[in-house]
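Number of protein chains: 2
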Amino acid sequence: MIDSADDPNTDNPGHGDVLPPTNQHVKQYAAVRNAHETELIEDYVELIGDLLKHQGEARSTDIATRMGVSQATVAKMMCRLKSLDLVASKPYRSLFLTQAGEAMAEESSKRHAIVLQFLRALGVSDQTARIDAEGMEHHVSQETLDIMQRFACQLTPGHQREG
Amino acid sequence: MIDSADDPNTDNPGHGDVLPPTNQHVKQYAAVRNAHETELIEDYVELIGDLLKHQGEARSTDIATRMGVSQATVAKMMCRLKSLDLVASKPYRSLFLTQAGEAMAEESSKRHAIVLQFLRALGVSDQTARIDAEGMEHHVSQETLDIMQRFACQLTPGHQREG
DNA sequence: CAAACATTTCAGCCTTGGCTAACTTTAAGG
DNA sequence: CCTTAAAGTTAGCCAAGGCTGAAATGTTTG
């Protein structure tokens with residue numbers, strides 16, 4: 294048997310050489326699982342916010358279409374969001390965000406924009422940047438986000454150039 | 294009613310101004326959902342690869358400990374991985390990777406390392422970089438990955454400096 | 001060899017987030 | 001006003017990925 298979980302290497306450079314210490318490793322995976330739980334919610338809320346902003350109203354059909362899921366799925370998710378007090382609506386009427394929902398939407402949107410801008414500043418093509426940003430935004434810590442923002446601003450002083 | 298899904302804005306800069314065109318938007322969310330399905334699998338496979346590499350064998354207990362989940366969860370996942378022909382083992386014996394599994398592990402590990410190195414090169418602290426890398430690695434396209442690699446190499450010519 | 005302990009597996013439960021199908025409500029048109 | 005289409009809702013199904021608890025198998029040790 295191998296003496297695992299011994300891990301004296303608490304300050305190793307990280308990956309490839311040796312395994313990260315167990316407790317650190319656990320933290321990484323826990324963070325991913327945690328992000329998992331919130332990211333879909335954030336995506337829905339962010340989308341509702343965008344629809345409200347750009348189309349004046351957020352309807353289930355539009356959400357279903359944009360997300361590429363069925364209306365039933367949207368309906369179920371809206372139940373969830375209502376129970377979380379992020380979304381409100383009267384039956385058969387379009388959706389709106391609560392204060393908490395609006396805050397989340399704004400937060401998400403801001404994060405999304407920073408990541409997207411950062412990727413484009415790096416030289417990633419527009420299409421790819423959008424897809425990657427959508428996936429990455431929920432896994433980027435505030436620390437990294439700040440750095441990304443500074444970076445993007447440095448590289449694109451006035452405004453971003455399209456790809 | 295609002296004439297949604299009309300979307301003449303196919304070449305808009307992207308986010309914040311107007312909504313992305315619907316078909317583009319669908320693609321983004323589809324990509325995220327798709328990544329979702331594979332990322333856990335990749336994480337498990339990558340971890341098994343790491344354990345094999347650094348400890349000589351991969352046991353359910355160790356996986357459970359490192360992932361921070363129960364052994365039963367690991368067992369169930371191993372069933373899934375076996376059915377996908379990524380992992381093989383004889384009952385009550387430790388696990389090993391099939392050729393496909395090994396390929397996936399290597400691929401994941403490489404991606405992980407690039408993202409991690411990139412984040413550190415950006416100036417993100419070690420702890421944060423690890424957590425973010427774990428989350429980001431499954432959402433970074435090959436295009437972005439290539440750019441990250443070039444970038445990290447530029448900024449850290451010889452070797453990475455610790456934070 | 002047998003007991004004690006660690007590990008693996010199995011059975012069964014829960015929640016999420018998809019789906020389809022059937023139904024109700026709203027909106028639009030003749 | 002009645003019909004029809006579109007949109008929203010509800011019920012019920014499924015797979016994934018967690019969990020606990022109990023049973024089976026391996027390993028170590030007296």
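Protein chains in written order, with our numbering: chain C, 294 to 456; chain P, 294 to 456. A virtual CB, placed ideally from N, CA and C, is assigned to each residue, including glycine.
Query: For P/Thr421, report the span of its alpha helix (DSSP H) as first-last.; Result: 419–429
Query: Less than 6 angstroms between C-beta atoms, sequence neighbours within five positions excluded: which residues of the same chain meet that for C/Met441?; Result: Ile407, Phe411
Query: With burial defined as no fewer than 16 other Cβ atoms inside 10 Å of the residue's Cβ, what is the status of C/Thr354: buried or exposed?; Result: exposed
Query: Quick check: C/Glu436 and P/Ala324, are their CB atoms within less than 8 angstroms of each other?; Result: no
Query: Taking the C-alpha atoms as reference points, what is the distance between P/Val319 and C/Thr358?; Result: 7 angstroms
Query: Can the beta-carbon of P/His431 be found less than 8 angstroms from the beta-carbon of P/Glu330?; Result: no
Query: Just curious, the alpha helix (DSSP H) that P/Tyr322 is in, first and last residue?; Result: 315–348
Query: Give a yes or no on whether the C-beta atoms belonging to C/Ala414 and C/Leu388 are separated by under 8 angstroms.; Result: no
Query: Flag P/Thr421 as yes if its beta-carbon sits less than 8 angstroms from any beta-carbon of chain C, otherwise no.; Result: yes
Query: From the beta carbon of C/Leu312, is the nearest beta carbon of chain P less than 8 angstroms away?; Result: yes
Query: Extract the residue ranges of the alpha helix (DSSP H) inside the region 347–402 of chain C, only unbroken runs of 4 or more that lie entirely within it.; Result: 353–360, 364–376
Query: So is C/Gly342 buried or exposed if we call it buried at 16+ other beta carbons inside 10 Å?; Result: buried
Query: Applying a beta-carbon distance threshold of less than 7 angstroms, which residues of chain C neighbour P/Gln321?; Result: Arg423, Ile424, Glu427
Query: Taking C-alpha atoms, which residue in P/Tyr385, P/Ala398, P/Arg326 lies nearest to P/Val338?; Result: P/Ala398
Query: Do C/Leu340 and C/Leu390 come within 8 angstroms of each other at the CB atom, strictly closer than that value?; Result: no
Query: Does C/Arg352 pass the burial test, meaning 16 or more other C-beta atoms within 10 Å, or should it be called exposed?; Result: buried
Query: What whole-angstrom Cβ distance do P/Glu335 and P/Ser401 have, given they're in contact under 8 angstroms?; Result: 5 angstroms
Query: Buried or exposed, going by whether 16 or more other CB atoms sit within 10 Å of the CB of C/Ala368?; Result: exposed
Query: Could you name the residues of the same chain whose beta carbon sits closer than 8 angstroms to that of C/Leu379, not counting the 5 residues immediately before and after it, in chain order?; Result: Ile334, Val338, Leu390, Thr391, Ala393, Gly394, Met397
Query: Cα separation between C/Pro314 and C/Gln420?; Result: 38 angstroms
Query: Starting from P/Thr437, follow the alpha helix (DSSP H) in both directions and report where the run begins and ends.; Result: 435–448
Query: Does the distance from the C-beta atom of C/Ile424 to that of P/Gln348 stay below 8 angstroms?; Result: no
Query: Can you tell me whether C/Arg404 is buried or exposed? The criterion is at least 16 other CB atoms within 10 Å of its CB, across all chains shown.; Result: buried
Query: Evaluate C/Ala445 with the Cβ neighbour count: other Cβ atoms within 10 Å of its Cβ, from every protein chain shown; 16 or more gives buried, anything less gives exposed.; Result: buried
Query: Tell me the DSSP secondary structure of C/Leu312 in three-state form.; Result: coil
Query: So, at 7 angstroms on beta carbons, what are the nonlocal neighbours of C/Ala381 in its own chain, with the 5 sequence-adjacent residues on each side left out?; Result: Lys375, Phe389, Thr391
Query: Kindly list, in the order they appear in chain P, the residues whose Cβ is closer than 7 angstroms to that of C/Glu436.; Result: Val417, Ser418, Thr421
Query: For C/Ala422 and P/Ala328, I'd like the C-alpha separation in whole angstroms.; Result: 15 angstroms
Query: Identify each residue in the region 366–389 of chain C for which the Cβ-Cβ distance to at least one residue of chain P is less than 8 angstroms, and report them in chain order.; Result: none
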